[in-house]
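Following: one structure in structure tokens, then a few remarks.
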Amino acid sequence: MILILLSAGSADAQSKKLQKATFGMGCFWCSEALFQRLEGVTAVRSGFEGGSVPNPSYEDVCTGTTGHAEVIEVTYDPAKIKYDELLEVFWKSHDPTTLNRQGADVGTQYRSVVFYHNDEQKQIAQKYKKELNATNAYGKPVVTAIDKAGPFYVAEAYHQDYFNKNGNQPYCRLVILPKLEKLEKVFKAKLKKKLNRTIE
């Protein structure tokens, strides 16, 4: 009887195991391509969060007046990749010291931000940011905002899976590909096995 209860409990835990993480780190095309390749990540959606206008379009967000950030919503299996590991990829894959800017992309929609989904994520993110600043990891203060998750609005269909569908576009080759090459070097052990050899 105990074994039956244990197996039932285990099955219940399995059905609830996937969690969400939401990050803004500049253009969501870049962010999506990186996180899609991580072992334990089951889905990545590009969208908008943190603003005041319901159901904004990409054009609306690009004006910088809606308050939204371009973000990715990551669905992941914490048994395969931990939240702090996702944060490590997040902080090492963009410049978290530039306010409202990533490279040539300028505006509040490109801000560095962690949208936490529970208190545990909030505490882990705050601790991680504090350690980065205490050790002067970037030579300048980390300005990443850590905000409570609000409504997430999925971006238009043509933004989804962007790099995989448009890999030969100049932006993909000049901006996204170098980030993927860095991911391959720094986080090779965390990549999905079938993708390990696709970045050359």
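Numbering (the working numbering), first residue to last: -16 to 183. For every residue, glycine included, the Cβ atom is placed at its ideal position computed from N, Cα and C.
query: Buried versus exposed, by CB contacts within 10 Å (16 or more), E139; result: exposed
query: Coil, strand or helix - V137 by DSSP; result: strand
query: Selection from K123, T49 and G150 that minimises the alpha carbon distance to E32; result: T49
query: Among W74, V158 and K3, nearest to V24 - alpha-carbon criterion; result: K3
query: Contacting residues, own chain, Cβ-Cβ under 7 Å from Q109 (five flanking each side not counted); result: I129
query: Boundaries of the beta strand (DSSP E) in which Y99 is found, first to last residue; result: S95 to Y99
query: Closest by C-alpha distance to T91, when choosing among N38, I159, E53 and G133; result: E53
query: Rounded Cβ spacing between Y93 and C10 (contact assumed at less than 8 Å); result: 7 Å
query: For I64 and V27, believed in contact at Cβ under 8 Å, the rounded distance; result: Not really, about 13 Å apart at Cβ, beyond 8 Å.
query: Assumed close pair V137, G30 - CB separation to whole angstroms, cut-off 8 Å; result: 5 Å
query: Nearest candidate by alpha-carbon position, reference S14, set A62, Y145, E68 and V36; result: Y145
query: Residues that L21 bridges to, as DSSP identifies them; result: L174
query: Proximity below 8 Å, CB of Y111 to CB of L70; result: yes
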